[in-house]
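So the sequence shown is numbered by this note's numbering: it starts at 385 and just counts up by one.
Read through the structure below, which is laid out as structure tokens, and then see the notes.
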Amino acid sequence: MNKYLSLNLTGLFLISSYSTVNAVDIIPGNAIAPPPNFNIFTATYSALKTGKQYINSKEQALDTKAEASVIMLRYTRTFNFLDQPAAFYIQPSFGEVKPGAILASNNDSSGLGDTAFAFAYWPYSNRQAGSYFGTVAYLVTPTGEYDSNELINLGQNRYSGAFQIGYHTKLSRKLDLMAAADVQWFGDNNDYRLTHQKFEQKPLYSSQLSIMFNIDPKFMLAASYYVNRDGETALNGIDRNDQIDAERYQLMAKGKFDFGNLIFQYGSDLDRANGFFEEQRAFLRYQYVWK
């Protein structure tokens, strides 16, 4: 087995993503500006299955599989900033990555993942029209389990940040539309796994389009389409020609109940130029709001 296969599975990032190769996904409906002075607790269980590795859009012969499960706990506080809606959150994570097939000889990785912080601000918010424009700044800190002598790691051993813009509007009484775009930057990992080299990554650009169907005030269905571009990596300054260039889909069902909100999301890759094809990406979220 080639121990230098590049498996990048990390339980760390943001709203609905635990792999840094997929940037910042927004839960459909989360671009709506929240009212001030609320507390929001969100517990998320996520499960990811990856399959074949792709290089320059060509499927590789080696049977590479892995499964990851991650629990993310997020506390959010909403408030007004410069007379407009704003919010801040902190999100630690805990998880496990299990390599399979040709990667099975490598050790699992489990424990604490990296921790994410975010500050969101809505310079435009029109509740009567149902239209909102928001911005978000993210920071991910390297708190996760990391051992450079192991191929599989929950933590990234580097800082990363992102800036995102999002727009939400009503199309009709039942239909809403959300669009978002972001750029993610990465710090260096100066002790990259197994090779102990300097690992660098160029900015990753992503976009998202979601359409939401409001069955009634308590239940909603949504479908999302994601595009990721660039994010090429380098070892010791030598480019690896491994731009992400991926397209994905995701379906969502959300229900509001007396005990809180439940959200289920399921999706997978549609196309991927480089990296490991995501066969399944699923999330189950519980959300509780109080003053």
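All C-beta atoms in this analysis are idealised placements derived from N, C-alpha and C, irrespective of residue type, glycine included.
Problem set entry | Nonlocal neighbours in the same chain, by C-beta distance under 8 Å from I474, ignoring five residues either side | R458, Y459, T499, A500 and F501
Problem set entry | L668 versus L646 - alpha carbon distance | 7 Å
Problem set entry | Three-state secondary structure (DSSP) of L538 | coil
Problem set entry | Burial state of R511 (16 or more Cβ within 10 Å) | exposed
Exercise. Rounded C-beta distance between G528 and G545? I'm assuming under 8 Å.
Worked result: Contact flag wrong, Cβ pair sits at about 16 Å.
Exercise. Can you name the start and end residues of the beta strand (DSSP E) that V408 belongs to?
Worked result: From DSSP, V408 is part of no beta strand (DSSP E); its letter is neither H nor E.
Problem set entry | For A471, three-class secondary structure by DSSP | strand
Problem set entry | Through-space distance from T434 to G495, alpha-carbon basis | 20 Å
For this session: Quick one: residues in its chain with C-beta nearer than 6 Å to the C-beta of Y650, no 5 flanking neighbours on either side, listed in chain order?
Result: L635 and A666
Exercise. Pairing CB atoms from the segment 505-522 with CB atoms from the segment 473-490, are three or more of them under 8 Å?
Worked result: no
Problem set entry | Contacts around A637, its chain only, beta-carbon distance under 7 Å, and the 5 residues preceding and following it disregarded | L605 and F648
Problem set entry | Sequence-distant residues of its chain with Cβ nearer than 6 Å to Y672 (five each side left out) | F425 and G644
Exercise. For T394, which of helix, strand or coil comes out of DSSP?
Worked result: Caution applies to T394, whose pLDDT of 26 falls short of 50 and renders its modelled position unreliable; the value that the coordinates give is listed next. The answer is coil: DSSP assigns T394 none of H, G, I, E or B.
For this session: State the start and end residues of the unbroken beta strand (DSSP E) segment that holds G639.
Result: A630 to F641
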